[in-house]
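K.L.:
Below is a structure I'd like to ask you about.
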Amino acid sequence: MATGAILLEPASLYVTTTQLAEAKFHWALIETDSACTATRHHWFQKSDKRGLAEGYGFQRVQPKSLTGRVVLGYFKIRGYTPPSPGIFAEICETTFGTSYTTVPENRRTGITCRTWVLQVLSALCGRGYITGFDGTIRNFVDCLERVITEQSRMADNIYLTTFYHQRILNFVSPVVVV
Numbered sequence: 587m588a589t590g591a592i593l594l595e596p597a598s599l600y601v602t603t604t605q606l607a608e609a610k611f612h613w614a615l616i617e618t619d620s621a622c623t624a625t626r627h628h629w630f631q632k633s634d635k636r637g638l639a640e641g642y643g644f645q646r647v648q649p650k651s652l653t654g655r656v657v658l659g660y661f662k663i664r665g666y667t668p669p670s671p672g673i674f675a676e677i678c679e680t681t682f683g684t685s686y687t688t689v690p691e692n693r694r695t696g697i698t699c700r701t702w703v704l705q706v707l708s709a710l711c712g713r714g715y716i717t718g719f720d721g722t723i724r725n726f727v728d729c730l731e732r733v734i735t736e737q738s739r740m741a742d743n744i745y746l747t748t749f750y751h752q753r754i755l756n757f758v759s760p761v762v763v764v
């Protein structure tokens, strides 16, 4: 994986995946404005513990590093036109009508960062902010999910193999006096 800065295009939308345990990924959206300022929008586990286990959040980010985790891919969404200020965040905020008090309850009802991203993308398509795709919105979003999942798995395997080989090549056997 490259270690240099990631250059994102202005007025664009990206799906990102970052490593989690057990070949799973955290899905998020990166929205860039006309000055190429990047904002991450995601469904995440809340630390305040005031009732709901998870919720929507956003923050400005430097594309090279999102919370120090390995970003497996920046998947640019073709045909995206940015909505008026505030509309994107409103769509993100209202995508899930609720969250439950525990993460397992959310998972049982299909509330995950992945399903949140896919539903936001569906809403953007439905409102005309993503255009130019063939077929139905559902088919388009299902295709995005397949491609992003497949590409993220491949990137994860490449990253882990590279990490493993670098560790092995740099490993020095200890000398232990017993």
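If you read the sequence shown in the working numbering, its first letter stands for residue 587, the second for the next number, and so on. In this text, a Cβ means the ideal position worked out from N, Cα and C, and glycines have one as well.
What does a CB cutoff of less than 7 angstroms around LYS632 pick up in its chain, not counting 5 residues either side in sequence?
P.N.:
LEU638, ALA639, GLU640 and GLY641.
K.L.:
For a cutoff of 8 angstroms on Cβ pairs, would you count GLN648 as touching chain B?
P.N.:
The structure shown contains no chain B; it is built from a single protein chain.
K.L.:
Round the Cβ separation of TYR666 and LEU599 to the nearest angstrom and send it over; I've been treating them as touching at under 8 angstroms.
P.N.:
Right, their Cβ atoms sit about 4 angstroms apart.
K.L.:
Alpha carbon to alpha carbon, how far is MET740 from GLN752? Give it in angstroms, no decimals.
P.N.:
Those two C-alpha atoms are separated by around 18 angstroms.
K.L.:
Tell me whether ARG676 sits in a helix, a strand or coil according to DSSP, three-state version.
P.N.:
For clarity, residue 676 is Glu in the given sequence; the question names Arg instead. It is helical.
K.L.:
Which one or two residues does DSSP pair with GLN705 in a beta bridge?
P.N.:
None; GLN705 has no bridge partner.
K.L.:
Look at the alpha carbon of ARG646 and the alpha carbon of THR688, and state the distance between them as a whole number of angstroms.
P.N.:
Cα-Cα distance, rounded: 27 angstroms.
K.L.:
How far does the alpha helix (DSSP H) with VAL689 in it extend, from its first residue to its last?
P.N.:
Where VAL689 is concerned, the enclosing alpha helix (DSSP H) stretches over 689–694.
K.L.:
By how many angstroms is the C-alpha of GLN605 removed from the C-alpha of TYR750?
P.N.:
C-alpha separation (whole angstroms): 15 angstroms.
K.L.:
Name the DSSP beta bridge partners of PHE644, please?
P.N.:
The partner list for PHE644 (beta bridge, DSSP) reads HIS627.
K.L.:
Do you know whose CA, among ALA621, HIS627, TYR686 and THR747, lies nearest ILE548's CA?
P.N.:
Because the chain is modelled from 587 through 764, residue 548 falls outside the range shown and cannot be assessed.
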